[in-house]
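In mature numbering (1 follows the signal peptide of the UniProt record, and there is no 0), the protein residues as written are -21 to -1, 1 to 350.
Right, here's the structure in full:
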């Protein structure tokens, strides 16, 4: 009888306590389609961080739940998914993928006053002008593309071609690439292809005719793979380069025998750079949670870094007693000289850029990125 009475008392106390609701975070991205490999790796990196936080009682005693919707890399589906997530009550959108996709989402941020943290794109339109509800973590595509062209010129390569997807992402990155040429030089070929139906036959013929020494492919996933394979099938040995949106193990696997020697720009230190505290931290967490260390790729680290920024914002919002959308925005804008682990990030009301790190890697014979 006494045990039953104690149980009833405990149940009554538990019922009187406030519910420990989960912190909902929303992601829409192409988990199927052209960018699926990179998206899945970035999402896995974010989940590693969130799972480790949940194992330590989450944020302010509340667990984080990442609600994922697949948009198939379609901009309109991305916007529809984002609205559905906002209406479901997510405190933030997170790790959304694609330039035209994020452009369709941006008006919703203003309308519903919801933060978007760590969009997986380096489009300049997400940086300038500053959007009050959008917080970038990675460097811009323009910086990556300019860095790639300047590297080629510094090594004596001057017959450089640009092949870009014909959308806002391609136009944005090409702006940086063209800036890299400086004055007096220009691409020997500058061609575009359709994002929905890429075709490289005629483009490759022009590349071969121009005797291009290097080709910077600006595009996503399977399209860039098709472009590089078409170039090799035509007999060209031109150096192939692409941007960090393709920095995934899935991209290397899709390239197969053509992967070796492809240069890929990066927006974070190398995934095996154990001297960088954030990289070592990710490896240690992966080991502790039984995650294969081979799964830690540049895309994985990008998701992990974005998750660290979001988690710090949530932690500060909770500490201020305002764990909500507006509180998260204020907390993020208050981040000054935040140490991600060897990388310093700052936001303010007039600067939502985050990191400005850009470097180059090359795919080695072992199918891994080398610096």
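Even for Gly, the Cβ is constructed at its ideal location relative to N, Cα and C. Keep in mind it's a predicted model, so treat the numbers as computed, not measured.
In angstroms, rounded to a whole number, what distance separates the CA positions of residue i and residue j?
i: residue 255; j: residue 24; result: 16 Å
i: residue 141; j: residue 119; result: 18 Å
i: residue -8; j: residue 29; result: Confidence at residue -8 is low in this model, with a pLDDT of 38, below 50, so the placement of that residue should be treated as unreliable; the coordinate-derived value is given next. For residue -8 and residue 29, the distance between alpha carbons rounds to 26 Å.
i: residue 150; j: residue 12; result: 22 Å
i: residue 86; j: residue 222; result: 27 Å
i: residue 266; j: residue 162; result: 50 Å
i: residue 5; j: residue 63; result: 9 Å
i: residue 42; j: residue 31; result: 10 Å
i: residue 200; j: residue 300; result: 42 Å
i: residue 33; j: residue 194; result: 45 Å
i: residue -16; j: residue 325; result: Note that residue -16 scores 42 on pLDDT, short of 50, meaning its location in the model is unreliable; the coordinates nonetheless yield the value given after this. So the alpha carbons of these two residues sit roughly 52 Å apart.
i: residue 176; j: residue 147; result: 16 Å
i: residue -10; j: residue 3; result: Reliability fails at residue -10, whose pLDDT of 42 lies under 50, so the model's placement of it is uncertain and the value that follows must be treated cautiously. Roughly 27 Å separates the two Cα atoms.
i: residue 313; j: residue 110; result: 15 Å
i: residue 310; j: residue 133; result: 42 Å
i: residue 16; j: residue 10; result: 8 Å
i: residue 35; j: residue 22; result: 20 Å
i: residue 215; j: residue 270; result: 39 Å
i: residue 306; j: residue 112; result: 11 Å
i: residue 52; j: residue 7; result: 9 Å
i: residue 90; j: residue 82; result: 14 Å
i: residue 38; j: residue 18; result: 25 Å
i: residue 263; j: residue 286; result: 16 Å
i: residue 139; j: residue 65; result: 44 Å
i: residue 335; j: residue 236; result: 32 Å
i: residue 114; j: residue 154; result: 22 Å
i: residue 274; j: residue 228; result: 8 Å
i: residue 355; j: residue 181; result: The structure shown does not extend to residue 355, since the chain is modelled only from -21 to 350, so the question has no answer here.
i: residue 61; j: residue 84; result: 7 Å
i: residue 317; j: residue 1; result: 25 Å
i: residue 166; j: residue 69; result: 45 Å
i: residue 164; j: residue 212; result: 28 Å
i: residue 88; j: residue 233; result: 35 Å
i: residue 136; j: residue 268; result: 45 Å
i: residue 308; j: residue 251; result: 33 Å
i: residue 288; j: residue 224; result: 19 Å
i: residue 220; j: residue 184; result: 18 Å
i: residue 315; j: residue 304; result: 19 Å
i: residue -19; j: residue 327; result: Legend: pLDDT at residue -19 = 45, less than 50; position of this residue unreliable, value from coordinates given subsequently. Looking at the two C-alpha atoms, the distance is approximately 56 Å.
Of the choices the options, whose alpha-carbon is the least far from that of residue i?
i: residue 49; options: 163, 76 and 123; result: 76
i: residue 14; options: 246, 202, 4 and 298; result: 202
i: residue 171; options: 105, 130 and 197; result: 197
i: residue 40; options: 302, 138 and 308; result: 302
i: residue 125; options: 165, 160, 7 and 309; result: 160
i: residue 244; options: 226, 231, 326 and 250; result: 226
i: residue 152; options: 282, 230 and 79; result: 79
i: residue 432; options: 285, 20 and 65; result: With the chain represented from -21 up to 350, any question about residue 432 goes unanswered, as that position is not in the structure.
i: residue 67; options: 82, 93, 53 and 52; result: 93
i: residue 26; options: 35, 253 and 44; result: 44
i: residue 179; options: 166, 155 and 206; result: 206
i: residue 249; options: 73, 65, 349 and 114; result: 349
i: residue 74; options: 88, 98, 65 and 83; result: 98
i: residue 240; options: 344, 183, 213 and 137; result: 344
i: residue 100; options: 304, 282 and 232; result: 282
Is the CB-CB distance between residue i and residue j below 8 Å?
i: residue 174; j: residue 144; result: yes
i: residue 204; j: residue 189; result: no
i: residue 247; j: residue 272; result: no
i: residue 242; j: residue 341; result: yes
i: residue 157; j: residue 186; result: no
i: residue 71; j: residue 96; result: yes
i: residue 192; j: residue 218; result: yes
i: residue 238; j: residue 346; result: yes
i: residue 284; j: residue 319; result: yes
Compute every distance between the C-beta of residue i and the non-hydrogen atoms of the ligand HEM, then say whether any falls below 7 Å.
i: residue 321; result: For the structure depicted, the ligand HEM is absent and the ligand set is empty, with no information on it obtainable.
Mind reading off the beta-carbon distance from residue i to residue j? Whole number of angstroms is fine, and I expect it under 8 Å.
i: residue 130; j: residue 339; result: 6 Å
i: residue 122; j: residue 337; result: 5 Å
i: residue 253; j: residue 321; result: Actually they do not touch by this definition, with Cβ atoms about 11 Å apart.
Practice item. Check whether the region 291 to 310 touches the region 45 to 60, counting contact only when three or more Cβ pairs, one atom from each stretch, lie closer than 8 Å. Key: no
Practice item. Mind the definition here: the region 331 to 338 touches the region 102 to 116 only if three or more C-beta pairs lie below 8 Å; say whether that holds. Key: yes
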